[in-house]
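See below for the structure under consideration.
Right under this line is the structure:
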């Protein structure tokens, strides 16, 4: 049984939409905070599964008639682990959250690929990760949820191999697992790849954007123009590729308040 939400997720998205990750507003928030988000023109929220109030956030979002996405848990989890016990726990917990999202008629769930804890083990764990991610993708689709595989920041020292660590690897995983792409602009900049080219390469696989700025070196999750990364017209690039999906503000809650975010020109004007 699914909850009878006010807004059907079968509504066709006809333009780029403004969303916010609830990671951006910290561990403690109220219904009034979510109402403020709605009042400032946001179309949806991406709930952070690891938040203390994640269960309540689904109810808040539903009451405020916001579309719902989910960032799946990833700390202490690893899809590429060689330990069966960790793999079983990772799969079970991930499926639990996907089912909760489906109950609220959520649209998408964002997932991390994990890592080979020693880079020398990549060839061994890569097919294992592919198999597990494909299982989760099939499970998601069976629950009417789209699973989005997010690009990550490579380990510059190559002690471990984080999945994915480059565009080619990302595309390979997407194609082998029937997942779609969540493109984190900040991660991409640190990796050293260009936004427009990456959007072009992803094409129709691209279903969500995580938006934040940084200095090109660290994953700072700054508001647009507080760093050096966001220089292009993001919306224009996406529109030229006929992108139909959310741009999710994923902003550092330890630097900015919800008020800072809601009053920022990039949010008020949505001209980035």
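Numbering (UniProt numbering), first residue to last: 1 to 272.
Beta carbons: idealized from backbone N, C-alpha and C, even for Gly.
Note that the structure is predicted; figures quoted are calculated from it, not measured.
State yes or no: is the C-beta of residue 136 within less than 8 angstroms of the C-beta of residue 106? no
Same chain, Cβ closer than 7 angstroms to residue 143, neighbours up to 5 away in sequence not counted: 98, 99 and 102
What is the residue span of the alpha helix (DSSP H) that residue 187 lies within? 185-191
Would you identify the three-state DSSP class for residue 70, choosing helix, strand or coil? strand
Who are the near neighbours of residue 118 in its chain, counting only those whose CB is closer than 7 angstroms to its CB and skipping five residues on each side? 160
Over the uninterrupted alpha helix (DSSP H) stretch that includes residue 127, give me the two end residues. 122-142
Length-filtered (4 minimum) alpha helix (DSSP H) runs lying within the region 176-230: 185-191 and 195-202
May I ask you to report which of helix, strand or coil DSSP gives residue 18? strand
Let's see if you can read the secondary structure: which residues bound the alpha helix (DSSP H) around residue 37? 31-39
For the alpha helix (DSSP H) that contains residue 48, what are its first and last residues? Not the alpha helix (DSSP H): residue 48 falls in the beta strand (DSSP E), residues 44-48.
Return yes when the Cβ of residue 245 is within less than 8 angstroms of the Cβ of residue 229, no when it is not. no
Inter-residue spacing [alpha-carbon to alpha-carbon] between residue 268 and residue 18: 10 angstroms
So which of 233, 223, 35 and 242 has the shortest CA-CA distance to residue 62? 35
Would you call residue 83 buried or exposed, if buried means 16 or more other Cβ atoms sit within 10 Å of its Cβ? exposed
Output the distance between the C-alpha atoms of residue 23 and residue 127, rounded to the nearest integer angstrom. 31 angstroms
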